[in-house]
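Structure first, then comments.
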Amino acid sequence: MRIARFTTGDDPRFALVQAEGDKTFLAVLGGDPLSMPAMPTGERIELGDGVRLLAPVIPRSKVVAVGKNYADHAKEMGGEVPATPLLFFKPNTSVVGPDDPVVLPEFTREVSYEAELAVVISKVCKDVEPENARSYVLGYTVANDVTARDAQRTDGQWARAKGFDTSCPLGPWIDTDLDPEDVGVRSYVNGELKQDGRTADMVFDVPFLVSYISKAMTLLPGDVILTGTPAGVGRIDHGDRVECEVEGIGTLANPVFRRD
1 MRIARFTTGD DPRFALVQAE GDKTFLAVLG GDPLSMPAMP TGERIELGDG VRLLAPVIPR
61 SKVVAVGKNY ADHAKEMGGE VPATPLLFFK PNTSVVGPDD PVVLPEFTRE VSYEAELAVV
121 ISKVCKDVEP ENARSYVLGY TVANDVTARD AQRTDGQWAR AKGFDTSCPL GPWIDTDLDP
181 EDVGVRSYVN GELKQDGRTA DMVFDVPFLV SYISKAMTLL PGDVILTGTP AGVGRIDHGD
241 RVECEVEGIG TLANPVFRRD
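Counting in the UniProt record's numbering, the sequence shown runs from 1 upward without gaps.
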(Lines of atoms letter the chains of each structure in order from A and count residues from 1; the text may use other names and numbers.)
(Lines give C-alpha, C1' and ligand atoms only; values in the text may rest on other atoms or scores of the structure.)
Protein backbone atom coordinates (compact mmCIF):
# COMPACT_ATOMS: atom_id res chain seq x y z
CA MET A 1 0.00 0.00 0.00
CA ARG A 2 1.20 3.50 -0.85
CA ILE A 3 -0.10 6.52 1.04
CA ALA A 4 0.19 9.99 -0.46
CA ARG A 5 -0.60 13.42 0.91
CA PHE A 6 -1.84 15.88 -1.68
CA THR A 7 -3.79 19.01 -2.43
CA THR A 8 -5.94 20.21 -5.30
CA GLY A 9 -5.84 23.75 -3.98
CA ASP A 10 -7.75 23.12 -0.78
CA ASP A 11 -6.70 21.61 2.55
CA PRO A 12 -4.22 18.69 2.36
CA ARG A 13 -5.76 15.24 2.12
CA PHE A 14 -4.47 11.67 2.14
CA ALA A 15 -4.99 9.00 -0.50
CA LEU A 16 -3.97 5.51 -1.56
CA VAL A 17 -1.87 5.49 -4.72
CA GLN A 18 -3.25 3.16 -7.39
CA ALA A 19 -1.53 2.47 -10.70
CA GLU A 20 -3.68 1.45 -13.67
CA GLY A 21 -1.74 0.97 -16.88
CA ASP A 22 0.14 4.17 -17.60
CA LYS A 23 -2.07 6.22 -15.28
CA THR A 24 -1.92 6.81 -11.53
CA PHE A 25 -4.97 7.51 -9.41
CA LEU A 26 -5.41 8.74 -5.86
CA ALA A 27 -8.13 6.97 -3.87
CA VAL A 28 -8.97 9.65 -1.33
CA LEU A 29 -8.97 8.68 2.36
CA GLY A 30 -11.06 10.17 5.11
CA GLY A 31 -8.90 11.67 7.85
CA ASP A 32 -5.26 11.08 8.69
CA PRO A 33 -4.06 7.43 8.51
CA LEU A 34 -1.64 8.15 11.35
CA SER A 35 -4.52 8.78 13.73
CA MET A 36 -7.32 6.57 12.37
CA PRO A 37 -7.88 3.60 10.04
CA ALA A 38 -7.31 4.45 6.37
CA MET A 39 -10.86 4.39 5.01
CA PRO A 40 -11.44 5.28 1.32
CA THR A 41 -14.15 7.86 0.72
CA GLY A 42 -14.96 6.57 -2.77
CA GLU A 43 -13.48 9.62 -4.49
CA ARG A 44 -10.74 8.94 -7.03
CA ILE A 45 -8.56 11.58 -8.66
CA GLU A 46 -6.13 11.06 -11.50
CA LEU A 47 -2.64 12.20 -10.63
CA GLY A 48 -1.78 15.01 -13.01
CA ASP A 49 -2.72 18.58 -13.70
CA GLY A 50 -4.30 20.24 -10.70
CA VAL A 51 -2.97 17.69 -8.20
CA ARG A 52 0.08 18.56 -6.15
CA LEU A 53 1.82 15.90 -4.10
CA LEU A 54 2.96 17.14 -0.70
CA ALA A 55 5.46 15.73 1.78
CA PRO A 56 3.68 12.49 2.76
CA VAL A 57 4.11 13.32 6.43
CA ILE A 58 4.91 16.38 8.51
CA PRO A 59 6.61 14.91 11.60
CA ARG A 60 4.60 15.49 14.76
CA SER A 61 7.71 16.29 16.77
CA LYS A 62 11.00 15.48 15.06
CA VAL A 63 13.13 14.05 12.31
CA VAL A 64 15.90 11.92 13.79
CA ALA A 65 18.76 11.48 11.34
CA VAL A 66 21.71 9.09 11.40
CA GLY A 67 25.17 10.21 10.31
CA LYS A 68 27.88 8.08 8.69
CA ASN A 69 25.72 4.94 8.49
CA TYR A 70 27.45 3.75 5.30
CA ALA A 71 31.16 2.95 5.59
CA ASP A 72 31.93 4.35 2.12
CA HIS A 73 30.28 7.68 3.00
CA ALA A 74 32.15 7.88 6.32
CA LYS A 75 35.38 7.34 4.39
CA GLU A 76 34.64 10.03 1.79
CA MET A 77 33.88 12.49 4.59
CA GLY A 78 37.27 11.77 6.17
CA GLY A 79 35.95 9.97 9.22
CA GLU A 80 35.58 6.55 10.75
CA VAL A 81 32.43 4.51 11.10
CA PRO A 82 31.02 5.33 14.55
CA ALA A 83 30.81 2.54 17.13
CA THR A 84 27.20 3.48 17.84
CA PRO A 85 24.70 5.44 15.67
CA LEU A 86 25.54 9.12 15.30
CA LEU A 87 22.23 10.94 15.79
CA PHE A 88 21.13 14.48 15.02
CA PHE A 89 17.83 16.30 14.51
CA LYS A 90 16.17 18.15 11.68
CA PRO A 91 13.15 20.27 12.69
CA ASN A 92 9.77 19.65 11.10
CA THR A 93 10.05 23.14 9.56
CA SER A 94 12.81 21.76 7.33
CA VAL A 95 10.37 19.39 5.58
CA VAL A 96 9.17 20.05 2.03
CA GLY A 97 7.60 17.79 -0.57
CA PRO A 98 8.07 16.67 -4.16
CA ASP A 99 8.94 19.45 -6.61
CA ASP A 100 9.19 22.03 -3.83
CA PRO A 101 12.36 24.10 -4.17
CA VAL A 102 15.35 23.58 -1.94
CA VAL A 103 16.09 27.21 -1.08
CA LEU A 104 19.76 27.79 -0.35
CA PRO A 105 20.22 30.15 2.62
CA GLU A 106 22.51 33.13 2.39
CA PHE A 107 24.86 31.85 5.12
CA THR A 108 26.16 28.96 3.01
CA ARG A 109 28.03 28.60 -0.28
CA GLU A 110 28.59 24.84 -0.13
CA VAL A 111 25.41 22.75 -0.05
CA SER A 112 25.24 18.99 -0.63
CA TYR A 113 22.53 16.46 -1.46
CA GLU A 114 22.19 13.16 0.45
CA ALA A 115 19.71 10.53 -0.78
CA GLU A 116 18.32 8.39 2.05
CA LEU A 117 15.72 5.82 3.00
CA ALA A 118 13.34 7.38 5.53
CA VAL A 119 11.31 5.47 8.13
CA VAL A 120 7.89 6.77 9.23
CA ILE A 121 6.79 5.82 12.75
CA SER A 122 3.17 4.68 13.20
CA LYS A 123 2.60 4.73 16.97
CA VAL A 124 4.22 5.73 20.24
CA CYS A 125 7.55 3.92 20.33
CA LYS A 126 9.63 3.67 23.51
CA ASP A 127 12.19 1.08 24.64
CA VAL A 128 11.41 -1.40 21.86
CA GLU A 129 13.67 -4.28 20.92
CA PRO A 130 14.91 -4.73 17.34
CA GLU A 131 12.76 -7.82 16.81
CA ASN A 132 9.64 -5.79 17.58
CA ALA A 133 10.62 -2.62 15.71
CA ARG A 134 8.68 -3.34 12.49
CA SER A 135 5.35 -3.16 14.34
CA TYR A 136 6.06 0.52 15.09
CA VAL A 137 6.77 1.44 11.47
CA LEU A 138 4.01 2.73 9.21
CA GLY A 139 6.23 2.56 6.14
CA TYR A 140 9.07 4.12 4.21
CA THR A 141 9.66 7.10 1.97
CA VAL A 142 12.52 8.87 0.20
CA ALA A 143 14.49 11.70 1.80
CA ASN A 144 17.16 14.19 0.82
CA ASP A 145 19.24 15.24 3.84
CA VAL A 146 20.36 18.56 2.35
CA THR A 147 23.44 19.85 4.18
CA ALA A 148 25.34 23.13 4.35
CA ARG A 149 28.85 21.65 4.47
CA ASP A 150 30.65 24.89 5.29
CA ALA A 151 28.37 25.54 8.27
CA GLN A 152 28.71 21.91 9.31
CA ARG A 153 32.48 22.35 9.51
CA THR A 154 32.52 25.71 11.29
CA ASP A 155 29.61 25.43 13.74
CA GLY A 156 30.80 22.44 15.75
CA GLN A 157 27.27 21.02 15.81
CA TRP A 158 24.86 20.45 12.96
CA ALA A 159 21.63 22.27 13.81
CA ARG A 160 22.07 25.10 11.30
CA ALA A 161 23.83 23.03 8.64
CA LYS A 162 21.19 20.29 8.62
CA GLY A 163 18.09 22.08 9.88
CA PHE A 164 17.52 25.12 7.70
CA ASP A 165 14.16 25.56 6.00
CA THR A 166 13.68 23.24 2.97
CA SER A 167 16.63 21.03 3.98
CA CYS A 168 14.51 17.88 4.33
CA PRO A 169 12.55 16.98 1.19
CA LEU A 170 10.37 13.89 1.71
CA GLY A 171 8.26 11.95 -0.79
CA PRO A 172 6.70 11.08 -3.07
CA TRP A 173 4.60 8.81 -0.80
CA ILE A 174 4.85 6.27 2.02
CA ASP A 175 5.21 2.62 1.02
CA THR A 176 3.91 0.34 3.77
CA ASP A 177 5.04 -2.96 2.21
CA LEU A 178 8.71 -2.28 1.45
CA ASP A 179 11.32 -4.65 2.83
CA PRO A 180 14.16 -2.21 3.67
CA GLU A 181 16.86 -4.84 4.09
CA ASP A 182 18.43 -4.55 0.60
CA VAL A 183 17.11 -1.85 -1.73
CA GLY A 184 18.94 0.62 -3.92
CA VAL A 185 19.48 4.23 -2.84
CA ARG A 186 20.47 6.59 -5.64
CA SER A 187 20.72 10.27 -6.45
CA TYR A 188 20.95 12.22 -9.67
CA VAL A 189 21.85 15.86 -10.25
CA ASN A 190 20.63 17.26 -13.57
CA GLY A 191 20.10 13.69 -14.74
CA GLU A 192 23.62 12.49 -13.89
CA LEU A 193 23.93 9.55 -11.48
CA LYS A 194 25.82 10.62 -8.32
CA GLN A 195 25.06 8.02 -5.65
CA ASP A 196 24.36 4.32 -6.09
CA GLY A 197 24.27 2.33 -2.86
CA ARG A 198 22.19 -0.35 -1.18
CA THR A 199 20.63 -0.46 2.26
CA ALA A 200 22.30 -3.84 2.82
CA ASP A 201 25.50 -1.80 3.25
CA MET A 202 24.17 0.24 6.17
CA VAL A 203 26.25 -0.15 9.31
CA PHE A 204 23.12 -0.17 11.51
CA ASP A 205 19.94 -1.58 9.96
CA VAL A 206 16.41 -0.25 10.36
CA PRO A 207 15.28 -2.46 13.27
CA PHE A 208 18.43 -1.63 15.22
CA LEU A 209 18.02 2.10 14.59
CA VAL A 210 14.36 2.16 15.67
CA SER A 211 15.28 0.29 18.84
CA TYR A 212 18.38 2.37 19.60
CA ILE A 213 16.59 5.68 19.14
CA SER A 214 13.53 4.56 21.13
CA LYS A 215 15.75 3.76 24.11
CA ALA A 216 16.95 7.36 24.18
CA MET A 217 13.73 9.22 23.30
CA THR A 218 10.09 8.51 22.66
CA LEU A 219 9.19 8.38 18.99
CA LEU A 220 5.70 9.66 18.19
CA PRO A 221 3.34 8.82 15.33
CA GLY A 222 4.57 10.64 12.24
CA ASP A 223 8.13 11.03 13.44
CA VAL A 224 10.69 10.24 10.75
CA ILE A 225 14.07 8.51 10.92
CA LEU A 226 16.63 9.22 8.18
CA THR A 227 18.87 6.17 7.90
CA GLY A 228 22.02 7.66 6.36
CA THR A 229 23.41 8.14 2.87
CA PRO A 230 25.81 6.15 0.67
CA ALA A 231 28.97 7.59 -0.89
CA GLY A 232 28.83 10.06 -3.74
CA VAL A 233 27.56 13.21 -2.07
CA GLY A 234 28.44 16.48 -3.76
CA ARG A 235 27.51 20.10 -4.25
CA ILE A 236 24.34 21.57 -5.63
CA ASP A 237 23.64 25.16 -6.61
CA HIS A 238 21.02 27.46 -8.05
CA GLY A 239 19.32 25.98 -11.10
CA ASP A 240 20.16 22.35 -10.35
CA ARG A 241 17.56 19.60 -10.11
CA VAL A 242 18.13 16.81 -7.60
CA GLU A 243 16.43 13.43 -7.81
CA CYS A 244 16.65 10.94 -4.94
CA GLU A 245 15.44 7.42 -5.54
CA VAL A 246 14.81 4.41 -3.32
CA GLU A 247 14.16 1.17 -5.15
CA GLY A 248 10.63 -0.04 -4.56
CA ILE A 249 9.31 3.38 -3.51
CA GLY A 250 9.99 5.88 -6.27
CA THR A 251 11.75 9.15 -6.97
CA LEU A 252 11.73 12.44 -5.08
CA ALA A 253 12.72 15.41 -7.26
CA ASN A 254 13.39 19.00 -6.19
CA PRO A 255 14.74 22.09 -7.95
CA VAL A 256 17.43 24.14 -6.22
CA PHE A 257 16.98 27.89 -5.81
CA ARG A 258 18.99 30.74 -4.34
CA ARG A 259 17.34 34.11 -3.74
CA ASP A 260 20.48 36.23 -3.42
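Using N, Cα and C, we set each Cβ at its ideal position, and we do this for glycine too.
Expected contact under 8 Å - CB spacing of residue i and residue j to nearest Å
i	j	result
Pro98	Gly171	4 Å
Leu29	Ala19	That pair is no contact at about 17 Å.
Leu34	Phe6	About 15 Å separates the two Cβ atoms, so there is no contact after all.
Val96	Ala55	6 Å
Ser167	Lys75	No, Ser167 and Lys75 are not in contact; Cβ-Cβ is about 24 Å, not under 8 Å.
Asp148	Ala161	With the sequence shown as reference, residue 148 is identified as Ala, and Asp is not the correct amino acid for it. Contact flag correct, Cβ pair sits at about 4 Å.
Tyr70	Asp155	That pair is no contact at about 23 Å.
Val57	Arg259	About 27 Å separates the two Cβ atoms, so there is no contact after all.
One or two residues paired with residue i in a DSSP bridge
i	result
Ala143	Glu116 and Leu170
Glu20	Lys23
Tyr70	Met202
Pro59	Pro59 is not bridged to any residue.
Pro40	Leu29
residue 261	The question about residue 261 has no answer, for the chain in this structure spans 1 to 260.
Ala133	Ala133 is not bridged to any residue.
Phe89	Val64
Leu138	DSSP lists no partner for Leu138.
Phe257	Val103
Arg13	Phe6
Val111	Ala148 and Ile236
Val95	Cys168
Leu54	Arg5
Glu46	Phe25
Check whether residue i and residue j have beta carbons under 7 Å apart
i	j	result
Leu86	Gly67	yes
Thr108	Gly50	no
Pro130	Pro207	yes
Arg2	Trp158	no
Leu252	Pro180	no
Ser61	Val128	no
Tyr140	Lys123	no
Asp240	Asn190	yes
Val81	Val203	yes
Ala4	Val17	yes
Thr199	Asp177	no
Ala65	Phe88	yes
Lys126	Thr218	yes
Identity of the residue in the options nearest residue i by Cα
i	options	result
Gly250	Ser214, Ser187, Asn132 and Gly232	Ser187
Asp59	Arg259, Glu243, Ala253 and Ile225	The question names Asp, yet the displayed sequence has Pro at residue 59. The shortest C-alpha separation from Pro59 is found at Ile225.
Glu243	Glu116, Pro91, Lys126 and Asp150	Glu116
Ser214	Arg13, Val63, Met1 and Arg241	Val63
Asn92	Gly222, Ile236 and Val233	Gly222
Phe257	Gly248, Val137 and Ile236	Ile236
Gly79	Ala231, Leu209 and Gly248	Ala231
Gly248	Thr227, Asn69, Gly184 and Pro40	Gly184
Asp72	Lys194, Pro37, Val57 and Thr229	Thr229
Val111	Arg13, Val203, Glu245 and Gly163	Gly163
Arg52	Cys125, Asp10 and Asp155	Asp10
Asp165	Glu43, Pro40, Pro105 and Val246	Pro105
Gly234	Leu220, Gln195, Asp205 and Ala200	Gln195
His238	Asp205, Gly42, Tyr113 and Gln152	Tyr113
Met36	Ala151, Ala216, Thr24 and Leu138	Leu138
Glu43	Arg13, Gly21, Asp22 and Lys23	Arg13
Glu192	Gly21, Glu245 and Thr41	Glu245
Leu209	Gly197, Thr84 and Ala151	Thr84
Lys23	Pro40, Gln152 and Ile45	Ile45
Any C-beta of chain B under 7 Å from that of residue i
i	result
Cys244	This model lacks chain B altogether; it includes just one protein chain.
Any beta strand (DSSP E) of 3 or more consecutive residues that is wholly inside the stretch 150 to 235: Every beta strand (DSSP E) stretch that sits fully inside the stretch 150 to 235 and reaches 3 residues is listed by chain position as 168 to 175, 184 to 189, 192 to 198 and 224 to 226.
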